[in-house]
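Novice: So for the sequence shown, the numbering used here puts the first residue at 1; every next one is plus one.
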Amino acid sequence: MNTDTQSAAADPSIVQPEIARPLVWDRRRGRVSLVWIIPIVAALIGLSLVAQALWQRGPTITVTFATAEGIEPGKTKVKYKNVDIGDVTGLALSADHARVVATIDLAKDAAPFAVTGSRFWVVRPRLAGSGISGLGTLLSGAYIGVDAGQSHEARNAFVGEEEPPVVPSDMPGRRFILHADDVGSLDIGSPVFFRRVQVGHVESFALDPDGRRTTMGIFVKAPYERFVTTSSRFWHASGVDLRMDASGLKLETQSLATILLGGIAFESLEPSGSGQTAAQTAEEGAHFNLAADRVEALKSPDGAPESLVLHFQQSIRGLSAGAPVDFRGVEIGQVRSVSVEYDPAGTDFVSSARIDVYPQRLGRVSDVFPETMPQDRRRALLADLVQRGMRAQLRSGNLLTGQLYVAVDFFPQASPARFDPRLDPLELPTVPGDLQEMQQQVQNILRKLDTLPFDTLGQDAHRLMVATETTVTQLGGLARHADRETMPEVRLAIRDLRQTLATVQGSIAGDSPLLQDIRQTLRGVTDATRSVKALTDGLDRSPESLLRGKKETTR
């Protein structure tokens with residue numbers, strides 16, 4: 001084999017076969033170092049944590065509040081029924097720097113809270129009409145509460161509530177709207193009572209756009225909402241209702257809470273007649289009026305009022321707006337306003353009062369004045385009543401305070417009065433009040449006493465006695481010429497007559513005790529009538545002096 005190799009090397013024509021080069025493989029280059037295992041595992045764990053966080057992360061929302069008091073990014077939680085459902089991750093001012101915008105990351109299972117209708121508020125210690133809430137935040141710190149909306153429309157920007165909602169959105173019940181002249185002592189969270197059982201709360205209140213009345217929203221929870229019917233009447237149950245009637249003093253209140261915080265009560269009217277059907281249950285959002293008290297709420301509807309004007313030739317001190325208008329013990333209206341007007345015809349000032357009268361308060365009498373009756377016919381009927389003696393009169397309602405009220409009644413002895421049915425409003429004639437009438441009577445008595453001629457009457461009586469004595473003397477002369485048989489009896493009669501005349505003459509003499517007693521008695525009557533006049537004048541100026549006494553004056 002060596003010989004052949006050498007021969008091939010000597011002969012260049014012979015092609016030598018190519019010998020393959022040996023391959024060297026380094027076994028260390030194919031191995032992974034154990035040093036890289038730990039970072040790889042850490043990276044995988046980190047990626048899994050990030051994926052898990054992204055998977056569990058819910059929507060990000062923003063909530064705008066008036067202030068950031070109690071809110072801290074990374075610390076303040078978002079809770080629903082005391083369960084964490086998110087965290088506050090950031091705080092920033094709004095574009096106009098008027099409010100604070102809180103960024104909140106909700107949990108994945110809290111995505112249903114990011115919908116239209118959800119409400120957010122800051123839970124902190126708070127005193128409201130429904131009680132004290134948020135005391136637990138004194139130790140744990142404030143958090144953001146949430147009430148889930150009932151909508152399915154997604155939303156990521158909300159405006160936070162300044163007050164926590166009184167009623168959760170998932171509580172069964174119905175909401176109603178009340179209209180009142182004022183809110184009174186009511187507040188958000190004030191209770192609503194039915195037969196002294198708390199059945200709901202006041203949710204909201206606001207002024208009407210025209211500023212004349214207020215509108216309140218209340219919530220009545222199930223199953224009590226079925227007691228609110230179309231005939232229900234609502235009234236202020238705030239404070240204490242103190243009344244005095246024939247049976248004594250009555251004190252009414254719904255509860256101790258209403259005295260401190262106010263409240264609303266309602267009652268449903270039962271059918272008053274056999275032909276009337278029961279009222280239907282009120283629908284969601286039904287509107288009702290809120291009366292000042294129970295009496296006003298439960299009274300029959302007043303209907304449209306009739307406006308009348310009254311003119312008095314006397315002082316109306318003590319008569320104010322809101323004073324009752326009375327007809328034989330039944331309040332048929334109120335005084336709207338009082339004023340003083342100038343009368344060009346009499347070149348004098350007269351006291352004027354404008355009243356509102358509700359004919360519907362007269363029961364069946366209101367059938368005479370139905371609301372559907374034409375206006376000219378109604379005015380003609382009122383003119384007939386005035387002709388029959390209907391007048392208005394001022395009367396004292398309270399001697400302690402001096403308050404007056406208007407009484408409407410028939411006065412048959414009243415002088416005829418002018419009634420113009422073309423005026424608008426109509427003018428109802430008046431008669432003098434009680435005190436003014438008493439003063440007039442006292443003045444008439446004094447005037448008659450002053451005109452009596454006491455001296456002339458005494459002189460006439462004296463002349464009469466002298467004439468009588470002369471007549472008796474003449475009769476005595478005739479008796480001397482009479483029959484002797486009748487003389488003793490005649491003389492005895494004449495003697496008795498002379499004694500009687502002497503006694504009478506002595507009694508009516510100018511300086512006689514009887515005439516002096518009569519004069520003294522008449523002076524006493526005069527002084528008494530003047531005292532009565534002074535008393536009536538004083539009562540007219542200050543009626544409360546009858547109970548408080550006369551004020552002492554210091555010099």
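Backbone N, C-alpha and C define an ideal beta-carbon position, used for all residues, glycine too.
(1) Quick one: grab the DSSP three-state call for PHE411.
(2) Just how far apart, CA to CA, sit ASP245 and THR430?
(3) Kindly list the residues whose CB is nearer than 7 Å to the CB of ARG213, restricted to its own chain and excluding five residues on each side of it in sequence; keep chain order.
(4) Within the continuous alpha helix (DSSP H) that includes ALA297, where are the two ends?
(5) For a quick check, are the C-beta atoms of ALA392 and PRO421 less than 8 Å apart?
(6) Cα-Cα, which of PHE349, GLY262, ALA297 is closest to ARG233?
(7) Between HIS236 and LEU290, which are expected to be in contact by the criterion C-beta below 8 Å, what is the C-beta distance as a whole number of angstroms?
(8) Using DSSP with H/G/I as helix, E/B as strand and the rest coil, what is GLU225?
(9) Cutting at 6 Å between CB atoms, please list the residues of its own chain near GLN403, excluding the five before and the five after it.
(10) Could you give the distance in angstroms between the alpha-carbon of GLY538 and the alpha-carbon of SER531?
(11) In the DSSP assignment, what are the bridge partners of LYS79?
(12) Short check: CB of ASP87 to CB of LYS77, under 8 Å?
(13) Given this structure, state the Cα-to-Cα distance separating VAL183 from ALA292, to the nearest angstrom.
(14) If I measure Cβ to Cβ from HIS311 and keep anything under 6 Å in the same chain, skipping five residues before and after, which residues do I get?
(15) Check whether the Cβ atoms of THR215 and ALA282 lie closer than 8 Å to each other.
(16) Rounded to whole angstroms, what's the CA-CA distance from ASP376 to PRO209? Just pull it up for me.
(17) Quick one: residues in its chain with C-beta nearer than 8 Å to the C-beta of ILE45, no 5 flanking neighbours on either side, listed in chain order?
(18) Report the option in ILE61, THR116, PRO125, PHE411 whose CA atom is closest to the CA atom of GLU69.
(19) From this set, GLN150, LEU135, THR89, which residue's C-alpha is nearest VAL115's C-alpha?
(20) Identify whether ASP356 lies in helix, strand or coil by the three-state DSSP scheme.
(21) Do you know how far the Cα of ALA493 is from the Cα of VAL466?
(22) Give a yes or no on contact between the region 190-197 and the region 299-310, applying the rule of three or more CB pairs nearer than 8 Å.
(23) Judging by CA-CA distance, which residue of ASP96, GLY145, LEU54, THR471 is the nearest neighbour of ASN82?
(24) Tell me whether the beta-carbon of GLY58 lies closer than 8 Å to the beta-carbon of ALA102.
(25) Starting from THR137, trace the alpha helix (DSSP H) in both directions and tell me its first and last residue.
(26) Any idea what DSSP makes of GLY538, helix, strand or coil?
(27) Of the choices VAL123, ALA42, ARG447, whose alpha-carbon is the least far from that of GLY136?
(28) Going along the chain, which residues of its own chain have a beta-carbon closer than 7 Å to the beta-carbon of PRO73, five neighbours each way excluded?
(29) Assign LEU207 to one of three DSSP states: helix, strand, or coil.
(30) Indicate whether ALA107 and GLY173 have their beta-carbon atoms separated by less than 8 Å.
(31) Under a three-way DSSP split, which group does ARG196 fall into?
(32) Confirm, please, whether the CB-CB distance from THR62 to ALA206 is below 8 Å.
(33) With H, G and I counted as helix, E and B as strand and the rest as coil, what does DSSP make of ARG418?
(34) Just list the alpha helix (DSSP H) runs in the region 147-192, keeping only unbroken ones of 4 residues or longer that don't cross its boundaries, in chain order.
(35) Counting C-beta neighbours from all protein chains within 10 Å, is the total for GLU306 16 or more, i.e. buried, or is it exposed?
Specialist: Working from what's here:
(1) coil
(2) Here ASP245 scores only 49 on pLDDT, less than 50, and its place in the model should not be relied on; the value that follows carries that caveat. Each residue's alpha carbon lies about 30 Å from the other.
(3) HIS179, ALA180, ASP181
(4) 294-298
(5) no
(6) ALA297
(7) 7 Å
(8) helix
(9) GLY318, GLY397
(10) 10 Å
(11) ASP84, GLY145
(12) Cβ distance < 8 Å, so ASP87 and LYS77 count as in contact.
(13) One C-alpha to the other measures close to 10 Å.
(14) If the five residues before and after HIS311 are omitted, its C-beta is found closer than 6 Å to the C-beta atoms of VAL350, SER352, all from its own chain and listed in chain order.
(15) Not closer than 8 Å, so no.
(16) 37 Å
(17) none
(18) PRO125
(19) Comparing Cα positions, the closest option is GLN150.
(20) strand
(21) 19 Å
(22) no
(23) GLY145
(24) Taking 8 Å as the cut-off, the beta carbon of GLY58 is found no closer than this to the beta carbon of ALA102.
(25) 137-140
(26) helix
(27) VAL123
(28) VAL88, THR89, GLY90, LEU91
(29) LEU207: strand per DSSP, three-state reduction.
(30) no
(31) coil
(32) no
(33) coil
(34) none
(35) Residue burial is scored here from C-beta neighbours: GLU306 has at least 16 other C-beta atoms within 10 angstroms and is therefore classed as buried.
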